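Asker: Below is the structure I would like to discuss, written out as structure tokens.
Residue numbers (our numbering): 1246 to 1448.
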């Protein structure tokens, strides 16, 4: 029985997309069990706790993070592009380190709706493939991410699922926006420097 869930991601950095992902995940957790105790690892724990009415701790506080992992029943890594080394050489090792620590404590680890890559450095690819082999559940949000994981570790079991944002109920928002009679789709593209995968996705 899951009584405590610990959630890691790019939270507390005022990134709108990641905050919406967290909002959606929290809604799903509460539908599953409204009595579950949820803790978020955040850069700004006071703001995260206030916004979502959950417990939040500083993601850089090693002692508190270690204790939170030790106490939790399930460690969830929220959606988004956590496993990549393009924007930072070290962020991928932060998340991989958390996974490794959780497995040393024999905790269940879920990676939910991940967008994987690019992972360019050979050592990063090797380490990622090894550590992900210990993860209990891996889901990704696109075919390229599944293909990328297959290259890192061909033995991984990976499922493709919708991005958590698609679970959001539009009535959950307090501000109404004008909706055209015809269906409208908004697309936001983020370039990845000289990465050829960006050009492929745009095409």
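Ideal Cβ positions, reconstructed from N, Cα and C, are used throughout, including at glycine. Quick caveat: nothing in here was measured; it's all calculated off a predicted structure.
Apart from the five residues just before and just after residue 1395, which ones in its own chain have a Cβ nearer than 8 Å to its Cβ?
Answerer: 1401 and 1403
Asker: Compare the beta carbon distance of residue 1314 and residue 1299 with 7 Å and say whether it is the shorter of the two.
Answerer: no
Asker: Could you pull out every residue in the same chain whose Cβ sits closer than 7 Å to the Cβ of residue 1388, ignoring the five residues on either side in sequence?
Answerer: 1405
Asker: Using the Cα positions of residue 1345 and residue 1252, report the straight-line distance between them to the nearest angstrom.
Answerer: 15 Å
Asker: Could you give the first and the last residue of the continuous beta strand (DSSP E) run that contains residue 1404?
Answerer: Note, residue 1404: beta strand (DSSP E), 1403 to 1405.
Asker: Just confirm the distance between the C-beta atoms of residue 1374 and residue 1325, as a whole number of angstroms; I'd bet it's less than 8 Å.
Answerer: Not quite, the Cβ-Cβ distance comes to about 20 Å (not below 8 Å), so this is no contact.
Asker: Within a Cβ cutoff of 6 Å, which residues of the same chain sit near residue 1197, ignoring the five residues on either side of it in sequence?
Answerer: Because residue 1197 is not part of the residues shown, which for the chain are 1246 to 1448, the question remains open.
Asker: Keeping to the same chain, check which residues put their C-beta closer than 6 Å to that of residue 1416; ignore five residues upstream and five downstream.
Answerer: Any answer about residue 1416 is weak, because its pLDDT of 48 lies below 50 and its placement is not dependable; what the coordinates show is given next. No residues qualify anywhere along the chain.
Asker: Please state if the CB of residue 1330 and the CB of residue 1366 are separated by a distance shorter than 7 Å.
Answerer: yes
Asker: Go ahead and label residue 1432 buried or exposed: buried means 16 or more other beta carbons lie within 10 angstroms of its beta carbon, across all protein chains shown.
Answerer: exposed
Asker: Looking only at its chain, what residues have a beta carbon closer than 8 Å to the beta carbon of residue 1281, apart from the 5 residues adjacent to it on each side?
Answerer: Around residue 1281: 1247, 1248, 1249, 1250, 1274 and 1275.
Asker: How many whole angstroms separate the CB atoms of residue 1295 and residue 1258, which I take to be in contact at a CB cut-off of 8 Å?
Answerer: Not quite, the Cβ-Cβ distance comes to about 16 Å (not below 8 Å), so this is no contact.
Asker: In whole angstroms, what is the alpha-carbon distance linking residue 1264 and residue 1358?
Answerer: 14 Å
Asker: In the DSSP assignment, find the unbroken alpha helix (DSSP H) run with residue 1367 in it and report its ends.
Answerer: 1367 to 1377
Asker: Write down the C-beta distance between residue 1409 and residue 1285 rounded to the nearest angstrom, noting that I regard them as a contact closer than 8 Å.
Answerer: Not really, about 14 Å apart at Cβ, beyond 8 Å.
Asker: Taking DSSP as the reference, what is the three-state secondary structure of residue 1310?
Answerer: helix
Asker: In the DSSP assignment, what residue or residues form a beta bridge with residue 1324?
Answerer: None; residue 1324 has no bridge partner.
Asker: According to the neighbour-count rule (16 or more other Cβ atoms, all chains shown, within 10 Å of its Cβ), is residue 1334 buried or exposed?
Answerer: exposed
Asker: Can you tell me which of the three DSSP states residue 1273 falls into?
Answerer: helix
Asker: Could you check what DSSP says for residue 1416 in three-state terms: helix, strand or coil?
Answerer: Residue confidence is low: residue 1416 scores 48 on pLDDT, short of 50, so the model does not pin down where it sits. No coordinate-derived value is stated.
Asker: Would you identify the three-state DSSP class for residue 1283, choosing helix, strand or coil?
Answerer: Residue state, collapsed to three classes: strand.
Asker: Using a threshold of 7 Å, state whether the C-beta atoms of residue 1379 and residue 1353 are closer than that.
Answerer: no
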